[in-house]
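> So the protein lines, in turn, are chains A and B.
Just so we're aligned: 159 in our numbering is position 148 of the first sequence, and the numbers increase by one with no gaps anywhere.
Just so we're aligned: 147 in our numbering is position 133 of the second sequence, and the numbers increase by one with no gaps anywhere.
Okay, handing you the structure first.
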Amino acid sequence: MAGRNMLRRKMLRDMRKNFSQFITIFLMLLIGMMAYSGIKAYMIGMQKSADDYYASNNLQDLDAFGKLNDDSVEEIKQIEHVNDAEGKLSVVASITNLTERDLQLNFIKSNNISRFYVIEGEGFDASKSGLWLDQYFARENNIKLGDELELEANGMTLTEKVIALVYSPDHVAYIKDDTEIFPAHDKYGFAYLSQDELPEQMRFYSSVMIDVDNEDNRGVVKTTTTDTIDGVISVVNTKDQYSAASYQGEINEGKTYVGIFSGLFIAIALLCVVTTMARIVRKDRTQIGVMKALGFSDKRIAWHYISYALVLAVLGSVTGVALGLLAFGRLFIEMEAVFFEVANLHTGLDYSILVMAIFTVLITCLTCYLVVRGYVTQPAAEILRVERPKVKSRSLRFTTSGVFKKLSFSSRWNIRDIIRNKARTITGIFGVVGCMILLVCGFGIQDTINGYLETELSVINHYQNRLNLSEEITDSQLDKLYEEYSSDSSKTLGIEFKKDGELKVNNIFVTDAGDSVRVLDKKWQAMELSDDGVYVTQKFAELEGYKVGDEIEWHIFGDNDYYKTKIIGLNRDPQNQNITMTRKMYESLGFNYRPDAIYTDKEVKDIPEGAETVQDIDSIRDGMNQMLDTMMTMVVALIVFAAILGAIIIYNMGILSFAEKDYQFSTLKVLGFSDKRIGRIFIQQNLWIAIVAIIVGLPVGYGVVNYIFKEAIDDAYDFSISITLLTCLLSTIGTFIVSYTVSKWLTRRVAKIDMVKSLKANE
Amino acid sequence: MSTNFVELKNVSREYLIGEQEYKALDKVNINIKRGEFVVILGPSGAGKSTLLNILGGMDSPTSGEVRVDGHEISNYSAKQLTNYRADKVGFIFQFYNIMPTLTVEENVRLVEDVSETDKDALAVLKSVGLAKHARKFPNELSGGEQQRVSIARAVMKDPALLLCDEPTGALDSKTGIEVLKLLRQQADENTTVIVVTHNAQIAEIADRVIHLKNGRVERDIENKKPKAIDEVSW
């Protein structure tokens with residue numbers, strides 16, 4: 012037992028002596044596990060929080076849209092497998108006593124389905140007047156209980172007092188329209204009111220929320236509702252709608268990041284284990300021989316060295332998991348909570364985090380074992396013999412002739428040092444490549460989002476105001492709007508299309524918008540549309556398995572007639588993967604074209620008759636810029652991680668390099684080389700590593716950004732990956748700065764080299 | 015040969031080992047003439063290596079005065095000591111300390127990077143019998159050959175002072191004698207050679223023998239009739 016204690020003591024002292032190397036392994040494992048457990052905890056937590064919230068507040072399974080009434084609700088309740096149904100009339104209202112603020116008003120009779128989660132105030136009571144207001148909207152606009160809001164919608168004016176601040180499970184995320192990607196809680200919110208607040212003639216429903224007894228019965232209830240209930244235009248699975256779907260998309264995106272980031276750091280940790288343990292075991296050569304001579308078994312000695320890795324891996328993993336759960340995961344959850352309104356949003360845990368932690372510990376120990384095995388299995392006599400520096404002359408031979416002969420001493424020396432210390436060099440390159448990838452990712456994400464904004468605001472949309480027209484607009488009102496503003500218009504149709512016997516929801520954009528809203532080709536350039544068929548976006552075609560020449564069969568919600576149209580081309584759109592056709596094509600199918608939007612460059616002071624809302628392109632731009640600000644947090648986080656990773660790896664490799672070359676640097680000092688000169692030799696090697704890492708890191712970084720935007724992002728989006736020259740430059744300069752600064756800082760050690768001690772140590 | 019090339023006046027070097035003060039050199043006074051072949055003898059811990067390190071500008075005395083070629087190096091700054099090592103001193107170590115990743119020729123040419131020398135590396139290598147090994151790496155050479163590389167590197171500088179720390183310590187008798195011949199040859203060419211050793215046999219070929227004990231000069235003997243190198247063995 013005493014022997015074990017001595018070895019333990021030796022281990023602790025070795026760790027103190029080689030603190031920088033061990034701290035690197037520890038930090039890499041910590042960051043790797045922190046990234047893994049943090050992202051996992053946030054993904055699991057998001058899922059669990061939503062599942063609990065949906066279950067406890069009874070989120071509906073289906074939404075039936077159409078012009079419906081109490082009779083429709085009662086009929087739906089009678090359908091087999093339906094537990095309950097409640098109607099809701101949703102209208103968009105502008106708040107006249109606040110500037111540029113809109114609310115979606117939902118008029119209801121009861122609140123058993125999609126029950127509010129009350130933050131402040133009282134629960135729903137149909138006999139009470141007032142607003143059950145979106146808590147986020149209230150917070151952003153500093154609205155308190157008791158405040159009065161003046162609302163105007165569809166020619167109706169209401170003045171309502173805020174009586175409660177709430178969340179609603181079918182409003183976890185909500186956007187005003189498809190020009191927005193992320194919710195803008197300051198500008199647009201939701202509120203619930205009693206149906207009694209409406210005049211008698213408006214007491215109907217725009218949708219009915221249906222609670223089905225079992226998930227498996229959704230399909231049959233959906234079909235029955237569509238087929239048997241009058242006035243139903245479409246029935247949509249609630250979890251396929253924006254609120255639940257965008258939330259789920261966010262969880263799924265985590266799956267991509269978790270692999271990339273934790274994998275990168277854990278791989279670097281393993282490489283550090285290889286280089287550090289190899290050095291320690293090599294340095295301990297004589298001690299290993301002595302231990303063997305004393306009768307320690309190979310297994311016991313190997314275990315002694317594996318215990319270094321074990322201690323580090325356990326400490327790194329446990330701390331990483333703890334920080335992941337307590338800090339990193341919570342940070343992510345807080346970032347998500349900016350957008351998503353979920354009651355009790357919290358981090359979560361499952362066995363996968365434990366499995367990953369155990370796997371990390373095992374793989375670290377295995378790597379360590381593979382490194383030390385070769386040393387400890389040698390015969391004691393062999394180990395005790397003085398080891399001559401291992402120089403494989405054959406591998407260095409090519410550096411003694413040709414162009415190499417003309418190189419300076421420091422270049423030749425560095426080339427040979429790299430050849431001799433491949434593992435250390437590869438670890439260094441790997442680490443700096445990681446730094447480069449994170450930088451390219453950080454700046455690349457920003458470039459891509461900027462590119463997306465550019466595409467939306469400069470390439471696709473060319474108008475100042477968009478008038479969203481009322482469904483009840485009369486012919487004369489429409490003609491007046493055409494005349495007064497512009498004849499550039501469009502119509503968006505909710506459709507279902509048949510694919511492999513399944514009905515899927517999508518939309519058709521019917522355009523008569525000319526240059527106001529351009530349709531883009533595969534290269535993101537404006538294209539002319541033909542009237543002979545329809546266009547589908549490239550991503551839609553890829554996802555659904557369509558190609559040019561195929562026919563697509565679809566019907567408009569509320570109309571049971573199916574149409575088969577030929578796909579005559581592919582287009583691209585950053586945020587709508589749908590079908591596009593011209594007005595002429597639409598009319599050739601026998602439809603009467605009535606637009607739902609008009610685009611104009613003219614100023615619109617008041618909402619004109621026939622229009623419901625007016626959207627200024629500048630407000631869209633503001634919303635997008637807000638989104639960019641949020642992205643900046645991620646960009647900054649990536650840059651910080653890049654700097655930490657780069658600095659730690661270069662520092663670690665530098666320390667290792669110094670330890671290995673101590674006596675060589677001492678000899679150079681004895682020969683009269685100045686500290687500065689020796690420092691330059693040292694920096695040169697690190698700069699070479701940085702150059703190689705930059706060359707490798709740029710395309711790999713591009714690949715990662717591409718992967719994030721192609722694979723990780725929701726199917727609704729199709730971003731053109733754009734990495735600017737400035738990004739390449741900034742990433743390169745950033746990597747160089749990290750490499751040079753850390754190397755320069757390390758060269759301070761040259762001055763501290765004790766020539767006498769180093770040379771004696773070598774003996 | 016009349017003026018002193020190396021002068022040590024009351025040189026002391028103290029170290030703190032833990033809380034214990036240890037005197038490696040205690041008021042040492044030594045005078046060595048240019049071109050002398052000096053052997054410093056003494057048991058372990060006598061202060062031989064400390065003395066050599068101070069003379070080589072790798073360490074500085076705690077007190078006393080060290081003059082080399084008329085310059086007081088004991089007052090030199092770190093930068094001056096670097097230049098002193100580059101220009102004046104050649105070192106030969108027991109374990110050679112040659113760069114494992116440089117070829118034999120490159121190891122010798124290394125000094126061209128720090129000091130002005132008009133010597134030709136291949137000629138120097140030829141003089142130590144290593145011309146045919148010029149393109150080999152050190153690990154392809156025997157111990158004696160590696161020590162000769164070390165000598166060639168030192169000679170390449172044309173140093174005024176050649177300091178040798180147990181230069182034959184890792185070599186067999188025959189190879190050691192070959193190395194000593196090279197060192198003697200340097201002294202004959204007016205380089206002051208100081209050899210620190212345990213080996214009393216080597217003292218017989220020296221012009222001067224200094225015995226150190228407990229950090230003090232015990233004896234300083236001028237050898238009027240040094241033996242020819244071939245006459246010694248161990």
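Virtual Cβ for every residue (Gly too), placed ideally from N, Cα, C.
Within the 8 Å Cβ cut-off, does Leu176 (chain B) reach chain A?
So, not an interface residue.
> Applying the criterion that 16 or more other CB atoms from any shown protein chain within 10 Å of the CB defines a buried residue, is Glu208 (chain A) buried or exposed?
buried
> Which residues does DSSP list as the beta-bridge partners of Val177 (chain A)?
A:Val129 and A:Asp145
> Less than 8 Å between the C-beta atoms of Pro585 (chain A) and Glu467 (chain A), yes or no?
yes
> State buried or exposed for Pro710 (chain A), treating a residue as buried only when at least 16 other CB atoms are found within 10 Å of its CB.
exposed
> Assuming Met220 (chain A) and Ser125 (chain A) are in contact, meaning their beta carbons sit under 8 Å apart, how far apart are those beta carbons, in whole angstroms?
Right, their Cβ atoms sit about 6 Å apart.
> According to DSSP, is His473 (chain A) helix, strand or coil?
coil
> Compute the beta-carbon to beta-carbon distance between Thr375 (chain A) and Ala324 (chain A), rounded to the nearest angstrom, for a pair I have assumed lies under 8 Å.
At roughly 4 Å, the Cβ-Cβ gap stays under 8 Å, so Thr375 (chain A) and Ala324 (chain A) are in contact.
> In angstroms, rounded to a whole number, what distance separates the CA positions of His127 (chain B) and Tyr662 (chain A)?
Reading off the sequence, residue 127 (chain B) comes out as Asp, not His. The alpha-carbon atoms of Asp127 (chain B) and Tyr662 (chain A) are separated by roughly 28 Å.
> Report the neighbours of Gln675 (chain A) on chain B: residues whose CB is nearer than 9 Å to its CB, in chain order.
Asn111, Met113, Pro114 and Thr115
> Less than 8 Å between C-beta atoms, sequence neighbours within five positions excluded: which residues of the same chain meet that for Pro75 (chain B)?
Closer than 8 Å at the Cβ level, and outside the excluded window around Pro75 (chain B), lie Val25, Ser26, Arg27, Leu39, Ile68 and Ser88.
> Anything in chain A within Cβ reach of Val125 (chain B), meaning under 7 Å, just list it in chain order.
Leu682
> Could you give the first and the last residue of the continuous beta strand (DSSP E) run that contains Met220 (chain A)?
Element bounds for Met220 (chain A): Tyr216 to Val223.
> Please tell me whether Val767 (chain A) has its Cβ less than 8 Å away from any Cβ of chain B.
yes
> Just how far apart, CA to CA, sit Ile803 (chain A) and Arg691 (chain A)?
With chain A covering only 12 through 774, there is no way to say anything about residue 803 (chain A).
> Nearest by alpha-carbon distance to Met72 (chain B): which of B:Leu185, B:Leu177 and B:Ile216 is it?
Of the listed residues, the one whose Cα sits closest to Met72 (chain B) is B:Leu177.
> Where does Asp227 (chain A) land, buried or exposed, given buried means 16+ other C-beta within 10 angstroms?
exposed
> For a quick check, are the C-beta atoms of Phe11 (chain A) and Ile244 (chain A) less than 8 Å apart?
With chain A represented from 12 up to 774, any question about residue 11 (chain A) goes unanswered, as that position is not in the structure.
> Taking the C-alpha atoms as reference points, what is the distance between Met15 (chain B) and Glu50 (chain B)?
Reliability fails at Met15 (chain B), whose pLDDT of 44 lies under 50, so the model's placement of it is uncertain and no value is given.
> Would you call the segment 732-744 of chain A in contact with the segment 278-290 of chain A, where contact means no fewer than 3 C-beta pairs closer than 8 Å?
no
> Determine the direct distance from the alpha carbon of Asp63 (chain A) to that of Thr358 (chain A), and round the result to whole angstroms.
Approximately 13 Å between the Cα atoms of the pair.
> Looking at the structure shown, is Met15 (chain B) part of a helix, part of a strand, or coil, going by DSSP?
Reliability of the predicted coordinates at Met15 (chain B) is poor, the pLDDT of 44 falling under 50, and the value obtained from them is presented with this limitation in mind. In the structure shown, Met15 (chain B) sits in coil (DSSP, three-state: anything other than H, G, I, E or B).
> CA-CA distance, Ile471 (chain A) and Gly505 (chain A)?
21 Å
> Output, in sequence order along the chain, the residues in the segment 212-223 of chain B whose CB is closer than 7 Å to any CB in chain C.
Absent from the structure is chain C; the protein chains it does hold are A and B.
> Verify the CB distance criterion: does Phe409 (chain A) have a CB-CB separation below 8 Å to chain B?
For Phe409 (chain A), the closest Cβ of chain B is not nearer than 8 Å.
> Between which two residues does the alpha helix (DSSP H) harbouring Gln34 (chain B) extend?
For Gln34 (chain B), no alpha helix (DSSP H) segment is defined; the enclosing uninterrupted segment is the beta strand (DSSP E) at Gln34 to Lys47.
> So that I know if they touch, is there some Cβ in chain B lying closer than 8 Å to that of Ser685 (chain A)?
yes
> Have a look at Met12 (chain A) and Phe105 (chain B) and give me their C-alpha separation to the nearest angstrom.
Note that Met12 (chain A) scores a pLDDT of 44, beneath 50, so its modelled location is shaky; the value from the coordinates is reported in the next line. Taking the straight line joining both Cα atoms gives about 48 Å.
> Let's test the definition: count the other Cβ atoms within 10 Å of the Cβ of Ser308 (chain A) and tell me whether it reaches 16, buried, or not, exposed.
exposed
> Roughly how many angstroms separate the alpha carbons of Phe339 (chain A) and Tyr47 (chain A), rounded to a whole number?
Approximately 10 Å between the Cα atoms of the pair.
> Just the chain B side, please: which residues come within less than 8 Å of Asp428 (chain A) by C-beta, in chain order?
Thr115
> Do the segment 608-624 of chain A and the segment 474-486 of chain A make contact, defined as three or more Cβ pairs closer than 8 Å?
yes
> Taking Val767 (chain A) as the reference, give the member of A:Gly708, A:Ser419 and A:Val681 with the closest Cα.
A:Val681
> With a threshold of 8 Å, are at least 3 pairs of Cβ atoms found where one atom belongs to the segment 589-597 of chain A and the other to the segment 534-547 of chain A?
yes
> Using the beta-carbon of each residue, which ones in chain A are nearer than 7 Å to Met72 (chain B)?
Val681, Met766 and Val767
> Over the uninterrupted alpha helix (DSSP H) stretch that includes Asn697 (chain A), give me the two end residues.
Asp686 to Tyr718
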